[in-house]
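The structure under discussion appears below in the form of structure tokens.
Protein chains: 2
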Amino acid sequence: MKLDSRKLKILQAIINDYIMTAEPVGSRTVAKKYNLGISSATVRNEMSDLEEMGFLEQPHTSAGRIPSDKAYRLYVDKLMQVRSLSEQEAEYIKDLYESKIMQLEQVILNTAKVLSEMTNYTSIALAPQLSMVTIKHIQLVPVDKSLALLVVVTSSGILKDTLIHIPEGIDSDYLYKVSNILNAKFRGKTFAQIDIRDLSDIRNELAENQKFFNSLVDVLTTSFREAENREIYLGGTTNIFNFPEYQDIIRARSFLNLMEEKDLLYNILVNSRNGGVKVSIGTENPYEELRGCSIVTATYSLGDRVLGTIGVIGPTRMEYSRAVSIMDHMGKALSRYLTKLYGEQP
Amino acid sequence: MKLDSRKLKILQAIINDYIMTAEPVGSRTVAKKYNLGISSATVRNEMSDLEEMGFLEQPHTSAGRIPSDKAYRLYVDKLMQVRSLSEQEAEYIKDLYESKIMQLEQVILNTAKVLSEMTNYTSIALAPQLSMVTIKHIQLVPVDKSLALLVVVTSSGILKDTLIHIPEGIDSDYLYKVSNILNAKFRGKTFAQIDIRDLSDIRNELAENQKFFNSLVDVLTTSFREAENREIYLGGTTNIFNFPEYQDIIRARSFLNLMEEKDLLYNILVNSRNGGVKVSIGTENPYEELRGCSIVTATYSLGDRVLGTIGVIGPTRMEYSRAVSIMDHMGKALSRYLTKLYGEQP
DNA sequence: TTTAGCACTCGGCACAGGAGAGTGCTAACA
DNA sequence: TGTTAGCACTCTCCTGTGCCGAGTGCTAAA
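Chains as they are written, first to last, in the working numbering: chain B, 1 to 346; chain A, 1001 to 1346.
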């Protein structure tokens, strides 16, 4: 059977209607509301064909039809027209990145918040992945007799800081010396490139302070393990209650529980890291818990390095065209902002 | 009318039963299940009295009775026996504070998580209030030609760090000098004690670098404003779905929305800061949105300075005796742990 | 003062019937 | 041959009814 232009028009009408109303769409509605110049009976025949082809589904015999995931896929790939942002929306994004925030985490957090407010979906954002950025500066800052602060500044302004115990009798100069060694070793490298063997040099330097060396190794190795920042920021988790398909307490609950599964969300976002806007519809999703949801993601970068992913998650009956355009703009605006703020200076 | 011992026994039975079942309790149940040696008819008369006295309420004529907030208050103050922790619970808390976490925020976050797991309620925790701790060390760390990192270490190991722009031509030595001035001015003070006028000295020092001075003032003043860390950590927000009184989507939703109102939660926690375990029952609560909920809070301290508050929030039909004992132990264990880790060293 | 007994109340549930929306099929029509 | 009008049929949703059970309040007896 061929998917001729009339079938496409009808399909599009059904998808549009269902996205707006969340109610199964009947043949009469299509014929009347989307004046295609054909009668409801004709529409009925076409709808029957579309169902046979797998684009429509019927919740029960005497209900209208709803689009299948396959239909949404077709819609996203071929049918929908990606709108540009409304003035209001563009303004919203512009405002977000004009405020003076220096903390990178805060930027991402605010981005998530704005995303959920603009789209009315739940937003998720992956914290910047440290393994992607280079180390700019390492410094041991003395705190008191027995504590020092190990600060690592990266090219993206991110810093990891950890307090470490130092043995008695270590002075500020000594820390300064160690800092210099660490800098010489690791400056310019990414976290991923750091090799534990590089530390052996330092071991020799610190031969007389074995305990201190051990502390350092301890902290640095944990830092390596946490180089992949697995933090996930959420925005508008309760937005899900706005959708009629989540008026059921069981579904709402399982959705909210899902949002607490940070590991799962992490995997989703990390796997969407290969550039551009990505749409994942219902059953296309690798995780069973997410059939019924669609996810639109976009990446954000610093210069040409992809740092992380932002996304929105909502019912498969999602306003894809709006979501895609917002995600697209947001990803780009965020990248521009980050590159401007933290971009590698010569 | 007098609240004699039989009335108290009956009231206690009703409260216990209602806490466990969430179902209105009838006279038969009380007479049979809590063998008090009296008939249901007698219980009925007593219950009628208790209702008149304001301790019981009737959802509708042919239902049993449920305790009023007044009854819960009596229960918490007089009737309930505060149990000690089960071995399992004690073990759980012990484990929590035996792991090696250095980041204070992480400790509080984990505390909230464990709290919600142990109690099955939603837990809330107020981040440590910086105005309570003293500044130990301030240092400007050079990052590159145009950026420096301002690190503030406090007596509780908390640090605030912010990137600031520095004008061209400022070298590491210069930053070191400025750091020393800042240290001389502010070391030993609390954030609350910092006076903007103290900066005028520095202005003179930096006369030739007006721009840099402005940046510094900018950052420091924002730090002051944020000295009160308004961050709230939540744990187990979806636990609320476990309770039959929140099977209604409207109520569940409004509860979850409430949990996103960080300002409101902040006020609740800050106002519970005057030591010890505090129980706030339903309508006793200053916020209308929270009638129907009870909150049990405890404070945590560093040495003798109260740093913040932790708490659990659940339906008024709360297992007060368990909640109070857990909060009491947790607050104390957390304080001990913090004092051991970050306690003021000579 | 306590208790047994009884009439009464009210929510919850199952069930039936009707309305409404939508379908599929058939037959007529262009 | 494709399109349309008509019609019987299906299925959900809503509403009203009647019954059951839990629980109460009152009365009268112990």
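Using N, Cα and C, we set each Cβ at its ideal position, and we do this for glycine too. Fair warning: this is a prediction, and the values are worked out from it, not measured in the lab.
Count the other CB atoms within 10 Å of the CB of residue i; is the residue buried (16 or more) or exposed (fewer)?
| i | result |
| --- | --- |
| A/I1232 | buried |
| B/Q247 | exposed |
| B/R197 | exposed |
| A/K1136 | buried |
| B/A192 | exposed |
| A/A1207 | exposed |
| A/G1276 | exposed |
| B/S179 | buried |
| A/G1188 | exposed |
| B/N16 | buried |
| A/E1319 | buried |
| A/I1313 | buried |
| B/A148 | buried |
| B/G37 | exposed |
| B/N239 | buried |
| A/T1021 | exposed |
| A/A1071 | buried |
| A/P1142 | buried |
For residue i, which option in the options has the closest C-alpha, if you only look at C-alpha atoms?
| i | options | result |
| --- | --- | --- |
| A/V1219 | A/Q1210, A/Y1176 and A/H1165 | A/H1165 |
| A/V1076 | A/I1281, A/D1304, A/E1289 and A/A1333 | A/I1281 |
| A/T1316 | A/K1189, A/Y1034, A/T1122 and A/N1214 | A/T1122 |
| B/T61 | B/E51, B/D69 and B/K70 | B/E51 |
| A/K1033 | A/V1114, A/R1305, A/T1237 and A/I1014 | A/I1014 |
| A/L1264 | A/T1297, A/R1230 and A/L1003 | A/R1230 |
| B/S131 | B/T339, B/P142 and B/V153 | B/V153 |
| A/P1128 | A/V1107, A/I1295 and A/V1114 | A/V1107 |
| A/G1054 | A/T1339, A/M1001 and A/K1340 | A/M1001 |
| A/I1194 | A/F1241, A/N1204, A/A1333 and A/V1133 | A/V1133 |
| B/L104 | A/L1163, A/D1304 and A/K1177 | A/L1163 |
| B/L85 | B/T339, B/Y342, B/M330 and B/L341 | B/M330 |
| A/N1209 | A/T1190, A/L1175 and A/M1080 | A/L1175 |
| A/S1294 | A/G1303, A/S1301, A/V1324 and A/R1273 | A/V1324 |
| A/D1173 | A/V1306, A/T1190 and A/L1140 | A/L1140 |
| A/M1080 | A/K1332, A/K1340, A/V1279 and A/G1308 | A/V1279 |
| B/F241 | A/T1190, A/S1254 and A/E1245 | A/S1254 |
| B/D69 | B/N271, B/D304 and B/L290 | B/L290 |
If you draw a straight line from the alpha carbon of residue i to that of residue j, how long is it in whole angstroms?
| i | j | result |
| --- | --- | --- |
| A/R1322 | B/G292 | 39 angstroms |
| A/M1259 | B/N257 | 15 angstroms |
| A/S1146 | A/I1170 | 8 angstroms |
| A/I1019 | B/A252 | 26 angstroms |
| B/E87 | B/Y337 | 19 angstroms |
| A/L1234 | A/G1311 | 10 angstroms |
| A/V1151 | A/L1199 | 17 angstroms |
| A/R1073 | A/Y1097 | 32 angstroms |
| B/P346 | B/S155 | Below a pLDDT of 50, predicted positions are generally treated as unreliable, and B/P346, at 33, falls in that range; no measurement from the model is reported. |
| B/L8 | A/N1267 | 56 angstroms |
| B/A379 | A/Q1012 | Summary: the structure shown does not reach residue 379 of chain B, with chain B confined to residues 1 through 346, and so no result is reported for it. |
| B/D4 | B/A31 | 17 angstroms |
| A/D1328 | A/T1297 | 9 angstroms |
| B/N35 | B/L269 | 41 angstroms |
| B/N365 | A/K1262 | Residue 365 of chain B lies beyond the range of chain B shown here (1 to 346); nothing can be said about it. |
Among the residues of its own chain, which have a CB less than 8 angstroms from the CB of residue i, if the five just before and after it don't count?
| i | result |
| --- | --- |
| B/P59 | P24 and I66 |
| A/D1201 | I1181 and K1185 |
| A/E1168 | K1145 and S1146 |
Under 6 angstroms Cβ to Cβ from residue i, same chain only, skipping five residues before and after it: list those, please.
| i | result |
| --- | --- |
| B/R44 | S27 |
| A/E1063 | The amino acid occupying residue 1063 of chain A in the given sequence is Ala; Glu does not appear at that position. Excluding sequence neighbours, A/A1063 sits near P1024. |
| A/A1112 | S1123, A1125, Y1233 and G1235 |
| B/F213 | R203 and L206 |
Using a threshold of 6 angstroms, is the CB atom of residue i nearer than that to any non-hydrogen atom of the ligand ADP?
| i | result |
| --- | --- |
| A/V1153 | In terms of ligand content, the structure shown is empty, and the ligand ADP therefore cannot be addressed. |
Report the partner residues of residue i according to the DSSP bridge assignment.
| i | result |
| --- | --- |
| B/E57 | B/I66 |
| B/K185 | B/K185 pairs with nothing; no bridge assigned. |
| A/H1165 | A/L1147 |
| B/R305 | B/L302 |
| B/S280 | B/I295 |
| A/Q1210 | According to DSSP, which records beta bridges pairwise, A/Q1210 is partnered with nothing at all. |
| A/H1137 | A/V1153 |
| B/L234 | B/I124 |
Using a Cβ-Cβ cut-off of 7 angstroms (strictly less than) and excluding sequence neighbours within five positions of residue i, which residues of its own chain qualify?
| i | result |
| --- | --- |
| B/M118 | E89, Y92 and I326 |
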